[in-house]
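Peer 1: Residue numbers (the working numbering), protein chains in the order written: chain A, 769 to 1005; chain B, 769 to 1005. Ideal Cβ placement from N, Cα and C applies to all residues, glycine included.
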DNA sequence: GGCTATCCGTTCGGTAGCGAACGCAGCTTG
DNA sequence: CAAGCTGCGTTCGCTACCGAACGGATAGCC
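Encoded structure:
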C-alpha cells in the first residue's frame, strides 16, 4: 500500500493541512517513460512521487539531452505552477516506474494562496531543487563520466527502496548527456571493481560505500543541503 | 543618477507597494570582485542591481569554479532569504562594478509575508533564474567554449548600457569554468572575425548580430523565457 | 525451437580541452 | 628611465570523450 505521507513534502505538513489537502490527492501510477509535461506545456498537475522517480530533462534542438534534476519521494514535479510561470523549458519524464499523488492546478493554487505551511514547504523544496540544478551544472563542467555515473546511481538509489535499479545504459547515457559507450565503460569499471552488478538493464548495487567514495563531491553536497532544508523528524524532534 | 525603477523587479511593483518599499531601499556601490555572500553564509541582504552585474559562482573543493547564473538589473541576489533556506551553496561575486539597492533580511521577510505583488514578482524571477541555471547545465555539457563565450558576452551585454565590457580573459575563464587559454583562443577567433575588439581587459562588441548567430541556442532560450515571465511594459499594455 | 529486438561490449580514428610552460607587450610605479 | 606586474598569445604533449561501426549475448515471442 502507498500513503501520501511517504512523500517527504506531504509528510512535512501539519495535521490540519493534511486533513484539508489529502482528500484532494489523487493516486496515479506512472509507467516508465511517461512524460508528465513537455517543454512549453501548460502544466495541469503537481505530482508528489511515492516510489516513482522523475527526471527533469532538457532536450536541445539537435536532440541531445541532459538531466537537470531528479525528483522522487523527496520532492514534487510541477514547480512552475506555483512559481507563476505555468510552463518551463524542460521535460519531466518517468525514469523509474512507480506511483505518485497528484493535485490539480486549481487546488495547488488555492492552497498556495492560503499562505499556510504548504507554501513554505514548497518554497523550501524549490531551493533544494535549485541547489541540485546548480550542482548538476558544475558537475557537467568539471567531473568525469565515471564520477557522474556514481553520483547518478546514488541519487536514484536514495529515491528507491532496495539496492536494485531497472535502467538501461542507453537511458542513463541520455540522462547524463553522454554517449552510451561512455556509460558502458564506466559501468564496466564499477562492475570489475565489484561495486555493482549489471545485467541487461538491471543494476544491483553491491557496495554502496565504495560507490560514494568513487563519486564526486556533488552527490554529498546535494544530499547535505537537502537534509538541512528538510531535517528528518527524528533530527527535528 | 540611479533610481530603484531601473531594476526591472522593482519596476514591476504597483505604486502602493513602491511607496511602502522604496523608502527602505538603501543604495550601495559594488566594486569589482565584491563578494555579496559566500557559500554557506547566512545572507543579510537582498540586492537589486541597477548597473552592477553579479555572478552566482560555484567553487569546488579543488578550487575549480563555474558560473551558475548572471544577475543584473533584471533580477535580485539573495533568493534564499525568502525561499526559507537563508543560505545557499554558491558564492555571489560582483563581475562588473556598479550600484544596487538593498533591503535587509527583516524587511524582505516582512514584505514577503504580506503576500502582495512583491511575492509574485520574486517568485516569477526565481523561475527565470531556474531556467537560466538549467540552461547553463546543458550548455556546460554540450556546447563548445567558442559558443559559450558568445553566450556569456551577450548575457553581460544585456545587463549593461553600451557595448563595452571591462573583463579580463582570466575572469571570464573562471566564470565559464575553463582554462584561460581556451578563452584566449575563442576570443582570438571573434576578434579576427571582426565581431569584438579585445584590449587588456576591455572588450568592445562590434557586431552583436554576428555574436548572436555564433552563440548556442542557450542565450536565446533564456532571453525568451525571461521576456515571457517579465513582459516589457509596452508589450503588456 | 527458432526469430528477432534489445542490450551490452569493443574497437578505431578524430578532436576539444587540459596542464604546464614560456614569452612578450603595455600599463604602472618608483 | 628601469623595474615590475598584469593581461594576452602561443606551444606541446596528453587525456577524455566523441562519432561511427560491428558483433555477441540475452530475453521475449510466436
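Give every residue of the same chain whose Cβ lies closer than 6 angstroms to the Cβ of residue 783(A), excluding the five residues on either side of it in the sequence, and list them in chain order.
Peer 2: Answer for residue 783(A): no residue qualifies.
Peer 1: Step through the CB atoms of chain A and report whether any lies within less than 8 angstroms of the CB of residue 942(B).
Peer 2: With 8 angstroms as the cut-off, residue 942(B) does not count as an interface residue toward chain A.
Peer 1: Taking DSSP as the reference, what is the three-state secondary structure of residue 771(B)?
Peer 2: Coil.
Peer 1: So who's on the other strand from residue 924(B), going by DSSP bridges?
Peer 2: Residue 924(B) pairs with nothing; no bridge assigned.
Peer 1: Can you say whether residue 908(B) is buried or exposed, counting buried as having 16 or more other CB atoms within 10 angstroms of its CB?
Peer 2: Looking at its Cβ environment, which holds 16 or more other Cβ atoms inside 10 Å, residue 908(B) is buried.
Peer 1: Around the Cβ of residue 830(A), are there at least 16 other Cβ atoms within 10 angstroms (buried) or fewer (exposed)?
Peer 2: Answer is exposed; the Cβ neighbour count stays below 16.
Peer 1: Does the Cβ of residue 816(B) have 16 or more other Cβ atoms within 10 Å, making it buried, or fewer, making it exposed?
Peer 2: When all chains shown are included, residue 816(B) counts as buried.
Peer 1: Using DSSP bridges, identify the partner residues of residue 790(B).
Peer 2: The partner list for residue 790(B) (beta bridge, DSSP) is empty, contrary to what the question assumes.
Peer 1: Go to residue 986(A), then tell me how far its alpha helix (DSSP H) extends in each direction, as first and last residue.
Peer 2: Where residue 986(A) is concerned, the enclosing alpha helix (DSSP H) stretches over 985-997.
Peer 1: Determine whether the beta carbon atoms of residue 944(A) and residue 934(A) lie at a separation below 8 angstroms.
Peer 2: Not a contact, by the Cβ cut-off of 8 angstroms.
Peer 1: Using 8 angstroms as the threshold, is the C-beta distance between residue 902(B) and residue 858(A) below it?
Peer 2: Cβ distance < 8 angstroms, so residue 902(B) and residue 858(A) count as in contact.
Peer 1: If I measure Cβ to Cβ from residue 982(A) and keep anything under 6 angstroms in the same chain, skipping five residues before and after, which residues do I get?
Peer 2: Counting only Cβ-Cβ distances below 6 angstroms, and skipping sequence neighbours, we find 918.
Peer 1: Compile a chain-ordered list of the residues in the segment 875-905 of chain A whose CB is closer than 7 angstroms to at least one CB of chain B.
Peer 2: The segment 875-905 of chain A vs chain B, Cβ under 7 angstroms: 883, 888, 891, 892, 894, 895, 898, 899, 901, 902, 904, 905.
Peer 1: To the nearest angstrom, how far is the alpha carbon of residue 931(B) from that of residue 804(B)?
Peer 2: Distance between the alpha carbons of residue 931(B) and residue 804(B): 26 angstroms.
Peer 1: At 4 residues or longer, what runs of the alpha helix (DSSP H) sit wholly inside the segment 877-910 of chain A?
Peer 2: Whole alpha helix (DSSP H) segments, 4+ residues: 885-910.
Peer 1: Give the range of the beta strand (DSSP E) segment to which residue 803(B) is assigned.
Peer 2: First-last of the beta strand (DSSP E) with residue 803(B): 803-805.
Peer 1: Are the C-beta atoms of residue 999(B) and some chain A residue less than 8 angstroms apart?
Peer 2: So no, residue 999(B) is outside the interface.
Peer 1: Helix, strand or coil: which one does DSSP assign to residue 795(B)?
Peer 2: DSSP places residue 795(B) in strand when its eight states are reduced to three.
Peer 1: Are the C-beta of residue 776(A) and some C-beta of chain B separated by less than 8 angstroms?
Peer 2: By this cut-off, residue 776(A) is not an interface position.
Peer 1: If you measure from the beta carbon of residue 945(B) to each beta carbon in chain A, is any gap under 8 angstroms?
Peer 2: Closer than 8 angstroms: yes.
Peer 1: Comparing the C-beta of residue 852(B) with each C-beta of chain A, is any distance below 8 angstroms?
Peer 2: It does; some Cβ of chain A falls within 8 angstroms.
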